[in-house]
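Asker:
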């Protein structure tokens with residue numbers, strides 16, 4: 802698993818955003834708002850995923866290959882977070898709106914609820930490793946995948 806993940810490595814510098822702004826501006830206001838809120842969720846949530854990896858998973862798992870994978874996942878989550886932040890910086894013109902989006906855990910109730918749910922699992926003293934794996938599979942498989950699916954749906958309109 803670690804080797805497969807390593808083969809998919811990329812950096813933010815490889816992504817050319819120079820032609821994106823005209824496309825962003827051509828979207829309807831409601832579409833831009835929708836996408837900016839999804840980006841805000843992504844930017845905030847990758848940090849939470851990393852907190853779980855750092856505070857819990859890497860301390861609990863002793864299998865070397867799994868620990869290597871978690872280290873790589875931590876790096877990739879940082880790259881994703883950097884990319885989402887760069888997208889917000891690129892697309893959102895007004896500093897107050899950028900601040901609002903970068904503070905989405907405090908400013909957007911739906912994102913706060915998701916964040917609180919995930920943080921409760923990180924901070925749980927009674928849950929097992931297996932329960933937290935399932936919880937974070939839900940974070941990645943439902944919260945993130947649902948948000949990505951909504952962007953793909955919007956693309957088809």
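Numbering (the working numbering), first residue to last: 802 to 958. Backbone N, C-alpha and C fix where the C-beta goes; we use that ideal spot for every residue, glycine too. Quantities reported herein were computed from a predicted structural model and do not represent experimental measurements.
Do residue 840 and residue 889 have their beta-carbon atoms positioned less than 9 Å apart in this structure?
Answerer: Here residue 889 is taken as the residue at index 88 of the chain shown, counted from 1. Here residue 840 is taken as the residue at index 39 of the chain shown, counted from 1. Yes.
Asker: In whole angstroms, give me the CA-to-CA distance for residue 848 and residue 879.
Answerer: Your numbering for residue 848 matches position 47 in the chain shown. Your numbering for residue 879 matches position 78 in the chain shown. Cα-Cα distance, rounded: 8 Å.
Asker: For residue 846 versus residue 916, is the C-beta distance shorter than 9 Å?
Answerer: Residue numbering aside, residue 846 sits at position 45 when the chain shown is read from its first letter. Residue numbering aside, residue 916 sits at position 115 when the chain shown is read from its first letter. A contact, by the Cβ cut-off of 9 Å.
Asker: Short check: CB of residue 943 to CB of residue 842, under 9 Å?
Answerer: On the chain shown, residue 943 is found 142 positions in, with the first residue counted as 1. On the chain shown, residue 842 is found 41 positions in, with the first residue counted as 1. Result no, Cβ atoms of residue 943 and residue 842 do not sit closer than 9 Å.
Asker: On a Cα-Cα basis, can you pick out the residue from 881, 826, 822 that is closest to residue 963?
Answerer: In the structure as shown, the chain begins at 802 and stops at 958. Residue 963 is therefore absent and cannot be evaluated.
Asker: Pull up the distance between the alpha-carbon of residue 946 and that of residue 892, whole angstroms please.
Answerer: Here residue 946 refers to the residue found at position 145 of the chain shown. Here residue 892 refers to the residue found at position 91 of the chain shown. Each residue's Cα considered, the two are about 22 Å apart.
Asker: Which residue marks the beginning of the alpha helix (DSSP H) containing residue 907, and which one marks its end?
Answerer: Position 106 of the chain shown, counting from 1, holds the residue named residue 907. 905-908 is the span of the alpha helix (DSSP H), which, as asked, contains residue 907.
Asker: I'd like to check one pair, residue 930 with residue 850: are the Cβ atoms closer than 9 Å?
Answerer: Position 49 of the chain shown holds residue 850. Position 129 of the chain shown holds residue 930. No, the pair does not count as a contact, with Cβ atoms beyond the cut-off.
Asker: In whole angstroms, give me the CA-to-CA distance for residue 908 and residue 898.
Answerer: As a working mapping, residue 908 is identified with position 107 in the chain shown. As a working mapping, residue 898 is identified with position 97 in the chain shown. So the alpha carbons of these two residues sit roughly 11 Å apart.
Asker: Can you grab the Cα-Cα spacing for the pair residue 811 / residue 883, in whole Å?
Answerer: By one-based count along the chain shown, residue 811 stands at place 10. By one-based count along the chain shown, residue 883 stands at place 82. Cα to Cα, residue 811 sits roughly 12 Å from residue 883.
Asker: Tell me whether the beta-carbon of residue 859 lies closer than 9 Å to the beta-carbon of residue 868.
Answerer: Taking the first residue of the chain shown as position 1, residue 859 is located at position 58. Taking the first residue of the chain shown as position 1, residue 868 is located at position 67. Cβ atoms of residue 859 and residue 868: closer than 9 Å.
Asker: Measuring CA to CA, which of 832, 940, 934 is closest to residue 857?
Answerer: Within the chain shown, numbered from 1, the residue matching residue 857 stands at position 56. Comparing Cα-Cα distances from residue 857 to each of 832, 940, 934, the minimum goes to 934.
Asker: Between which two residues does the alpha helix (DSSP H) containing residue 816 stretch?
Answerer: As a first step, residue 816 is located in the chain shown; it is residue number 15 there, counting from the start. Segment: none, residue 816 is in no alpha helix (DSSP H) and carries neither H nor E.
Asker: Round the Cβ separation of residue 923 and residue 852 to the nearest angstrom and send it over; I've been treating them as touching at under 8 Å.
Answerer: To locate residue 923, count along the chain shown from 1; it is residue 122. To locate residue 852, count along the chain shown from 1; it is residue 51. Rounded, the Cβ-Cβ distance is 6 Å, consistent with contact.
Asker: Are the beta-carbon atoms belonging to residue 902 and residue 844 less than 9 Å from one another?
Answerer: For this step, residue 902 is matched to residue 101 along the chain shown. For this step, residue 844 is matched to residue 43 along the chain shown. Yes. Within cutoff.
Asker: Using CA atoms only, rank isn't needed, just tell me which of 956, 864, 871, 926 is closest to residue 807.
Answerer: Here residue 807 corresponds to residue number 6 of the chain shown, with the count starting at 1. Among 956, 864, 871, 926, the Cα nearest to that of residue 807 belongs to 871.
Asker: By the 10 Å Cβ neighbour count, where 16 or more other Cβ atoms means buried, how is residue 816 classified, buried or exposed?
Answerer: Your numbering for residue 816 matches position 15 in the chain shown. Per the 10 Å Cβ criterion, exposed.
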